[in-house]
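Novice:
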Amino acid sequence: MPTDTPPPRKPPGLAEAPHYHGHRERLRERFRDAGADALSDYELLEMVLFRALPRRDVKPLAKSLIEKFGSFAEVIHAPTPRLLEISGLGESAITEVKLIAAAASRVAKGQLKHKTVLSSWSSVIDYCRTAMAFADKEQFRILFLDKRNQLIADELQQVGTIDHTPVYPREVVKRALELSATAIIMVHNHPSGDPTPSTADIQMTKTIVGIASPLGISVHDHIIVGKNGHASLKGLRLI
């Protein structure tokens, strides 16, 4: 009499791979073959999350993050408390996300080192936007330059609220003198996304110019950055 034969057992270590493993490998191949431009924002974010969440399909999570924050750049620069609100996104995954943001800022800053800043203006803008454009609070940063217009120091001077940062013109000039800087570039962000300078921005800049100029310190520019672009007070002929 015929008997039912049980299916052969799979040898240890040959268990069926989760369905998302193939998807991950296809993404990696596309990235290797065609570069990051071949991936959408959520796909690039998936690749960031692979290491932190190796046993989970991260595609739905990546799509959810892009939907909530708007873009890859806005996700990696989102404040940690807001990222912690996302279900399924723990501290290890947030660390991976923040590592990408830190690396982007470090690379952009590296473009300014050992160069004449005014001849690398696109690098200045890239660095300022990378460092500050997506912050949720206003920040005021100063780039201090020597007589050859090379970067001496890059300092975050103040962090304020969502729409205001206290700036003390005499303290700005005092710090420039301490560093023996002969020129400065001021930068701050508008969390609203609109980089249009306010009346207060213009007045504060003119006050600093008025104090710095007699002391031999040039104010090359005041740049305002936001998610929607940047504005140069010098380019707008406001200083």
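Sequence positions in the sequence shown follow my numbering and run 20 to 258.
Ideal Cβ placement from N, Cα and C applies to all residues, glycine included.
Quantities reported herein were computed from a predicted structural model and do not represent experimental measurements.
1. I need the straight-line Cα distance from P188 to I95, nearest angstrom please.
2. Going by C-alpha to C-alpha distance, which of P79, G129, A97, S111 sits closest to A71?
3. My guess is that P278 and G254 are in contact by the Cβ rule of under 8 Å, so how many angstroms apart are they, rounded?
4. Does DSSP put R160 in a helix, a strand or coil?
5. May I ask which residues mark the beginning and end of the beta strand (DSSP E) holding E174?
6. Give me the Cβ distance between I258 and V238, rounded to the nearest whole Å; I'm assuming they're in contact under 8 Å.
7. How close, in whole Å, do the beta carbons of P210 and L252 come, if the pair is a contact with beta carbons under 8 Å?
8. Here's the rule I'm using: 16 or more other beta-carbon atoms within 10 Å means buried, otherwise exposed. How should A34 be labelled?
9. With a threshold of 7 Å on Cβ separation, who are the neighbours of M20 within its own chain once the five nearest residues in sequence on each side are excluded?
10. State the beta-bridge partners of S251 as determined by DSSP.
11. I believe F163 touches I227 by the beta-carbon criterion, under 8 Å. Please report the beta-carbon distance rounded to the nearest angstrom.
12. Would you check if the distance between the CB atom of L136 and the CB atom of L175 is smaller than 8 Å?
13. CB-CB under 7 Å to E65, same chain, minus the five flanking residues each way: which ones, in chain order?
14. What is the C-beta distance between V192 and L234, in whole angstroms, given that I count them as a contact (C-beta under 8 Å)?
15. Here's the rule: buried if 16 or more other CB atoms are within 10 angstroms of the residue's CB, otherwise exposed. What is K246?
16. Alpha carbon to alpha carbon, how far is A200 from I144?
17. Could you work out which residue in Q158, W140, V116 is closest to A127 when comparing CA atoms only?
18. To the nearest angstrom, how far is the alpha carbon of L102 from that of K87?
19. Here's the rule: buried if 16 or more other CB atoms are within 10 angstroms of the residue's CB, otherwise exposed. What is I161?
20. Quick one: what's I204 bridged to in DSSP?
21. Which first and last residues belong to the alpha helix (DSSP H) in which T99 is found?
22. Closest to A250 by CA distance: which of G212, K225, M223 is it?
23. With a cut-off of 8 Å, does the C-beta of E93 fall near any C-beta of chain D?
24. Under a three-way DSSP split, which group does R189 fall into?
25. Of the choices A219, D165, T114, whose alpha-carbon is the least far from that of P185?
Specialist: This is what the structure gives:
1. Straight-line spacing of the CA atoms in P188 and I95 works out to 32 Å.
2. In this structure, S111 is the residue among P79, G129, A97, S111 with its C-alpha nearest to the C-alpha of A71.
3. Outside the displayed range of the chain (20 to 258) lies residue 278, so it cannot be described from this structure.
4. R160: strand per DSSP, three-state reduction.
5. Note, E174: beta strand (DSSP E), 170-178.
6. In this structure, I258 and V238 form a Cβ contact; the two beta carbons are roughly 7 Å apart against a cut-off of 8 Å.
7. Their Cβ separation, rounded to whole angstroms, is 19 Å, which puts P210 and L252 out of contact at 8 Å.
8. In this prediction, A34 scores a pLDDT of 43, lower than 50, which makes its location untrustworthy; the coordinate-derived value is nonetheless stated afterwards. Classification for A34: exposed.
9. A caution first: M20 carries a pLDDT of 48, below 50, which makes its placement in the model too unreliable to give a value.
10. Per DSSP, I242.
11. With 8 Å as the limit, F163 and I227 do not qualify as a contact, their Cβ atoms being about 13 Å apart.
12. Reading off the sequence shown, one finds Val at residue 136, where the question assumed Leu. V136 places its beta carbon 8 Å or farther from that of L175.
13. Closer than 7 Å at the Cβ level, and outside the excluded window around E65, lie L46, V77, K78, A81.
14. Contact flag correct, Cβ pair sits at about 7 Å.
15. Under a 10 Å Cβ-count criterion, K246 is classified as buried, with 16 or more other Cβ atoms of the shown protein chains found around its own Cβ.
16. About 20 Å.
17. Nearest option by C-alpha distance: W140.
18. Distance between the alpha carbons of L102 and K87 is about 10 Å.
19. With 16 or more other Cβ atoms within 10 Å, it is buried.
20. In DSSP, I204 forms a bridge with L162, D240.
21. Here the alpha helix (DSSP H) through T99 covers 99-103.
22. Nearest of G212, K225, M223 to A250, Cα basis: G212.
23. Checking the listed chains, one finds no chain D in this structure; it contains a single protein chain.
24. Correct three-state label for R189: helix.
25. Per the Cα distances, A219.
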